[in-house]
Amino acid sequence: MLLRSAKRLFAEKRIRRVMMEWRERTPADFPIAAEIFAGWTCVAACTGTLYHWEGELGGTCNPMWQSLRDARETGWGKLQAVDVYCVAPGVSNDLGLAMLSIPA
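Under the numbering used here, the residues of the sequence shown are numbered 9 to 112, in order.
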């Protein structure tokens, strides 16, 4: 898992923003991600809602993101991935977070 290899960088607060295509490989991956991103603000790009690292994507997907997800799932098989954008504690007025949080 890429996040594990970057754990030191997260601990040193050298990473402030992350955009990832999240797909758990095992149920144990959720607690690892939840630990790394504890205190961060994470948003599911598809819905613009907070993402809590529990595996369920709540809300209705924005039509633009849904078309991107459909293309990815069709082209590469059923990845069942969630696009997640996270911002570290202390980061204010993040434009990416603001853009993704706009209702569809």
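Each residue gets a CB set at the ideal place from its N, CA and C atoms; glycine is no exception. Only a predicted model underlies this, so the values are computations on that prediction, with no experimental measurement involved.
The residues 38, in chain order, have a CB closer than 7 Å to that of residue 62 in the same chain once the five nearest residues on each side in sequence are set aside. In this chain, the alpha helix (DSSP H) harbouring residue 43 covers 37-44. Rounded to the nearest whole angstrom, the C-alpha separation of residue 52 and residue 46 is 16 Å.
DSSP lists 95 as the beta-bridge partner residues of residue 25. Remark: C-beta atoms of residue 93 and residue 105 approach each other more closely than 8 Å.
With a threshold of 16 other beta carbon atoms within 10 Å, residue 42 falls short and is exposed. If you look at residue 52, you'll find it in the beta strand (DSSP E) that goes 49-52.
Of the residues 28, 48 and 109, the one whose Cα lies closest to the Cα of residue 99 is 48. Collapsing the DSSP output to three states places residue 73 in a helix.
Judged by DSSP secondary structure, residue 14 falls outside any alpha helix (DSSP H); it is assigned neither H nor E.
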